[in-house]
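Quick note, the sequences are listed as chains A and B, same order. What the first sequence shows, in the working numbering, is residues 133 to 178, in sequence order. What the second sequence shows, in the working numbering, is residues 15 to 652, in sequence order. Backbone N, C-alpha and C define an ideal beta-carbon position, used for all residues, glycine too. Since the structure comes first, as structure tokens, the remarks are kept for the end.
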Amino acid sequence: MTAQFVIVGVVIVGAVVYVSCRLWKEWRHSQSGCSHCPANHLNSKK
Amino acid sequence: MKPAIAFLGNPNTGKTTLFNALTGLRQQVGNYPGVTVERKHGQLTTPHGVVELIDLPGTYSLAAQSPDEEVVANVLRGHQKGEQPLSGVVVIVDASNLKRNLYLVSQVLEVGLPTIVVLNMMDIAKRRGVTIDVTALEKRLGVPVIPMKANVGGGVTQLNAALMQVVAGQIKIPKPVGLRDPETGKWQSGRTDACGDHPIAQEAVARYNWIRGVLHGIVFQVPSTRSHFSDRLDKVLTHRVWGTVIFVIVMLFMFQAIYSWAGPLQDMIDNGVSALGEWVGSWMPSGVLKDLVQDGVIGGVGSVLVFLPQIVFLFLFIAFLEDCGYMARAAFLMDRLFARIGLSGKSFIPMLSSFACAIPGVMATRTIENRRDRFVTILVSPLMSCSARLPVYTLLIAAFVPSVTWMGGLLGFQGAMLFAMHALGFAVAIPIVWILKRTVLKGATPPFVMELPSYKMPSLKLVGWRALDRAKTFVQSAGTIILAMSVVIWALSYFPTADHNYFAMMGHAIEPLVKPLGWDWRIGMSVLAAFPAREVVIAAMATSFNVNVADGDDSSGILQALQNATWPDGAPLFGLAVAMSVMIFFALCCQCGATVAIIRRETNSWKWAGFAFAYMTILAYLAAAIVYQVMAYFGVGI
């Protein structure tokens with residue numbers, strides 16, 4: 133039973149970490165100004 | 015460094031199709047102008063080594079007006095950050111419309127790069143009675159000219175050979191067309207009367223004079239007294255009344271077919287998920303791990319995967335309509351409407367893309383040169399019903415809308431409702447645009463000239479690839495974010511005890527907030543859990559309403575669970591009014607973390623991303639509450 137709780141605990145923590153990382157990655161990407169994205173320099177021009 | 019060769023041309027010249035044929039990459043190939051909004055890279059292996067091919071956005075000229083055109087001009091001139099200088103250029107032109115297409119060629123010849131001109135769509139040109147003396151054209155342009163039919167692969171071998179010549183340095187830099195006066199630098203248009211001294215007008219006249227000279231005596235067209243089939247069809251399909259009626263019928267048929275045709279495949283996936291749940295239940299010992307696997311993983315992901323066939327059918331239809339040229343006619347119909355509210359038809363293309371997913375839709379706004387119009391389009395594009403909303407609509411419509419069909423099942427009430435839900439976002443976008451264009455993003459809209467591509471037989475391979483690509487994305491999200499969220503939701507609903515769990519505690523706390531919408535805490539929590547990604551709502555509902563996959567429950571299990579759900583006093587929870595309230599909330603709410611991030615990226619401002627999220631969420635809440643309260647007041651669907 134303890135082993136089951138340990139596995140389930142690891143899966144839940146893994147899921148929480150994954151969702152957090154995905155959201156963090158999206159946020160970081162939107163902050164970075166993304167090198168292939170022309171939006172940043174173009175928006176400042178017009 | 016690998017040699018790089020760029021592919022460019024006017025929109026709808028088959029550039030991306032040709033690029034796919036050479037590189038083997040499967041990309042989105044649309045049939046309306048401006049679908050290629052990003053540079054796309056691919057590799058071609060030749061006996062001289064690997065060549066980097068770059069697919070540039072479609073453009074009519076190198077005068078950088080829009081973000082897309084600026085990228086094209088920068089890449090050609092070697093000024094684009096992160097892009098190496100080019101070894102050569104392939105300009106793809108529409109052989110049936112040489113006069114307009116050579117305008118871009120005349121500009122490319124002045125860039126000073128080895129150039130190949132591809133005369134694509136030779137079959138369409140032939141059907142229209144156009145004959146071209148290719149050898150003479152080659153001599154006059156001073157560059158290799160290759161006739162092709164990219165949609166059926168004709169001419170690819172010759173193009174490959176020419177690309178190898180570019181890599182081997184055997185194609186010389188063409189002579190500039192020399193349209194400027196070498197002393198004054200002014201355009202040699204030969205006219206000052208009609209177009210005055212404006213350099214853009216002078217340039218256009220000079221270039222078209224040059225084109226006339228190039229084509230004189232080498233392009234012949236059989237005069238036709240009969241109008242082309244395409245023109246006759248356009249008279250009906252772009253007609254203000256008949257065109258709109260046909261568009262509505264096509265859409266009704268499409269959405270009804272999604273129900274009728276996807277059903278058997280959905281049943282198969284249903285049975286597979288149930289069988290997997292039962293099989294796992296038969297050998298795993300009882301306990302927390304078994305509950306996690308059965309209810310959290312298989313139940314959560316399985317309940318979402320069941321909707322895969324509907325997504326595939328939707329994309330098969332959309333890809334078919336785009337590839338045959340019909341979607342461009344739909345955009346044309348919308349241009350009239352858009353002009354009235356202050357946008358051009360150019361904004362319709364990103365909105366159309368947003369019906370698949372708002373992310374490429376928001377990125378497609380780069381073709382809009384006017385910054386204010388671009389921002390308005392970005393702000394309303396997420397209102398279009400993306401494919402992630404489809405499972406919510408189909409589930410609730412199947413549960414609470416009667417299955418009445420007409421005309422032998424071709425049209426039906428459920429299909430009409432699904433169409434109405436997709437039309438809702440578009441209908442709401444119109445007053446939002448009107449308000450934005452008269453308040454925070456006030457400004458004049460430049461005129462929009464739209465090119466209607468010829469009708470053609472859709473390539474089944476391309477249509478199939480697009481549907482497959484979308485299916486892959488859906489399965490990927492089911493296996494990643496939906497799986498992770500399902501586990502988190504299961505954990506919240508399992509601990510500390512199944513009866514008094516964290517999910518229910520949070521749900522009861524927010525219930526007063528969602529009650530005006532006719533929802534109980536289970537619906538409220540399922541919707542709240544879907545804010546990072548909409549598809550999660552089905553998995554969350556499966557958990558909230560205790561759908562047990564081990565007992566053979568599946569998507570039909572959710573359906574029955576929703577139909578049987580009650581309030582604590584025993585009154586039915588769901589009826590048409592609550593189903594409508596949930597669907598309207600989903601149709602209008604910005605429940606997608608990735609969309610908010612892309613709006614931030616494309617507008618370079620958190621202010622606009624926050625604004626989009628806030629106005630959509632408030633709008634969704636108010637609209638859902640009003641619809642529920644009005645229906646409840648009149649006793650409809652309760």
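Partner residues on chain B for residue i, Cβ-Cβ distance less than 7 Å
i, result
"Trp-159 (chain A)", "Ala-611"
"Val-140 (chain A)", "Val-302, Leu-303, Leu-306"
Of the residues the options, the one placed nearest residue i, counting alpha carbons only
i, options, result
"Met-520 (chain B)", "B:Ile-503, B:Leu-531, B:Gly-532", "B:Ile-503"
"Val-418 (chain B)", "B:Phe-334, B:Gly-429, B:Leu-330, B:Val-233", "B:Gly-429"
"Trp-535 (chain B)", "B:Gly-313, B:Glu-549, B:Arg-548, B:Thr-557", "B:Thr-557"
"Ala-20 (chain B)", "B:Arg-141, B:Val-180, B:Asn-111, B:Lys-153", "B:Val-180"
"Ala-481 (chain B)", "B:Val-415, B:Ile-332, B:Ile-495", "B:Ile-332"
"Asp-281 (chain B)", "B:Ala-593, B:Val-159, B:Tyr-635, B:Pro-323", "B:Pro-323"
"Gly-313 (chain B)", "B:Ser-300, B:Pro-299, B:Leu-290", "B:Leu-290"
"Gly-56 (chain B)", "B:Leu-76, B:Ala-35, B:Ser-75", "B:Ala-35"
"Gly-231 (chain B)", "B:Arg-154, B:Ala-271, B:Gly-301, B:Met-268", "B:Arg-154"
"Gly-359 (chain B)", "B:Leu-573, B:Glu-383, B:Asp-349, B:Gln-270", "B:Asp-349"
"Phe-321 (chain B)", "B:Gly-339, B:Arg-403, B:Lys-621, B:Gly-102", "B:Arg-403"
"Ser-361 (chain B)", "B:Asp-284, B:Met-431, B:Gly-92, B:Ile-444", "B:Ile-444"
"Glu-124 (chain B)", "B:Ala-353, B:Glu-152, B:Gly-156, B:Gly-168", "B:Gly-156"
"Trp-420 (chain B)", "B:Ile-598, B:Ile-263, B:Leu-393", "B:Ile-263"
"Thr-30 (chain B)", "B:Leu-70, B:Val-65, B:Met-15", "B:Leu-70"
"Leu-112 (chain B)", "B:Arg-254, B:Asp-147, B:Ile-355", "B:Asp-147"
"Arg-4 (chain B)", "B:Asn-285, B:Leu-636, B:Val-551, B:Leu-116", "Absent from the model: residue 4 (chain B). The displayed extent of chain B is 15 to 652, so no value can be given."
"Met-265 (chain B)", "B:Glu-383, B:Leu-335, B:Leu-542, B:Gly-199", "B:Leu-335"
"Leu-247 (chain B)", "B:Val-236, B:Ile-325, B:Tyr-340", "B:Tyr-340"
"Ile-392 (chain B)", "B:Leu-366, B:Ala-413, B:Phe-414, B:Pro-405", "B:Leu-366"
"Ile-325 (chain B)", "B:Gly-478, B:Ile-640, B:Tyr-629, B:Ala-646", "B:Gly-478"
Whole-angstrom distance between residue j and residue i, CA atom to CA atom
i, j, result
"Val-104 (chain B)", "Leu-133 (chain B)", "11 Å"
"Ile-187 (chain B)", "Pro-17 (chain B)", "16 Å"
"Lys-720 (chain B)", "Met-398 (chain B)", "Because residue 720 (chain B) is not part of the residues shown, which for chain B are 15 to 652, the question remains open."
"Ala-73 (chain B)", "Val-122 (chain B)", "At residue 73 (chain B) the sequence reads Thr, which differs from the Ala that was named. In a straight line, the C-alpha of Thr-73 (chain B) is about 12 Å away from that of Val-122 (chain B)."
"Ala-370 (chain B)", "Ala-176 (chain B)", "37 Å"
"Ala-626 (chain B)", "Ser-595 (chain B)", "21 Å"
"Ser-80 (chain B)", "Thr-381 (chain B)", "6 Å"
"Gly-649 (chain B)", "Gly-310 (chain B)", "37 Å"
"Lys-621 (chain B)", "Met-298 (chain B)", "51 Å"
"Phe-137 (chain A)", "Val-302 (chain B)", "7 Å"
"Phe-261 (chain B)", "Ala-344 (chain B)", "7 Å"
"Phe-2 (chain B)", "Cys-153 (chain A)", "Nothing about residue 2 (chain B) can be reported from this structure: the residues present for chain B run from 15 to 652 only."
"Lys-451 (chain B)", "Gln-577 (chain B)", "43 Å"
"Thr-60 (chain B)", "Val-170 (chain B)", "13 Å"
"Tyr-46 (chain B)", "Ser-110 (chain B)", "Any reading at Tyr-46 (chain B) must be qualified, since the residue scores a pLDDT of 33, below 50, and its modelled position is unreliable; no value is offered."
"Gln-41 (chain B)", "Asp-483 (chain B)", "Below a pLDDT of 50, predicted positions are generally treated as unreliable, and Gln-41 (chain B), at 49, falls in that range; the measurement from the model is reported next regardless. Roughly 9 Å between the two C-alpha positions."
"Arg-194 (chain B)", "Trp-448 (chain B)", "44 Å"
"Met-135 (chain B)", "Phe-427 (chain B)", "42 Å"
"Leu-527 (chain B)", "Trp-533 (chain B)", "9 Å"
"Val-592 (chain B)", "Leu-319 (chain B)", "24 Å"
"Ser-120 (chain B)", "Asp-337 (chain B)", "29 Å"
"Gly-48 (chain B)", "Val-255 (chain B)", "With a pLDDT of 39 at Gly-48 (chain B), under the threshold of 50, the predicted position of this residue should be treated as unreliable, and no value is reported."
"Arg-142 (chain B)", "Leu-251 (chain B)", "20 Å"
"Asn-618 (chain B)", "Ile-106 (chain B)", "33 Å"
"Gln-574 (chain B)", "Ala-413 (chain B)", "8 Å"
Interface partners of residue i on chain A, CB under 8 Å
i, result
"Pro-546 (chain B)", "Val-151, Arg-154, Leu-155"
The ligand NAP heavy atom lying under 6 Å from the CB of residue i
i, result
"Pro-99 (chain B)", "No copy of the ligand NAP occurs in the structure displayed, which carries no ligand at all."
- Query: In chain order, what residues of the region 488-505 of chain B put their CB closer than 7 Å to some CB of chain A?
  - Reply: Ile-495, Ala-498, Met-499, Val-501, Val-502, Ala-505
- Return the residues of the region 290-315 of chain B that lie within a Cβ-Cβ distance of less than 7 Å from chain A, sorted by chain order. Gly-301, Val-302, Leu-303, Leu-306
- Message: Quick check: the region 143-157 of chain A against the region 492-509 of chain B, are at least 3 beta-carbon pairs closer than 8 Å?
- Response: yes
- Item | the region 590-621 of chain B: positions lying closer than 9 Å to chain A by Cβ | Gly-607, Ala-608, Val-610, Ala-611, Ile-612, Ile-613, Arg-614, Arg-615, Glu-616, Thr-617, Asn-618, Ser-619, Trp-620
- Message: Would you call the region 432-443 of chain B in contact with the region 275-291 of chain B, where contact means no fewer than 3 C-beta pairs closer than 8 Å?
- Response: no
- Query: Does the region 292-307 of chain B come within contact of the region 378-388 of chain B, defined as at least 3 CB pairs closer than 8 Å?
  - Reply: As far as the Cβ criterion goes, the region 292-307 of chain B does not touch the region 378-388 of chain B, which means the pair count is below three.
- Contact between the region 579-586 of chain B and the region 607-623 of chain B: three or more CB pairs below 8 Å? no
- Contact between the region 538-557 of chain B and the region 400-414 of chain B (3+ Cβ pairs under 8 Å): yes
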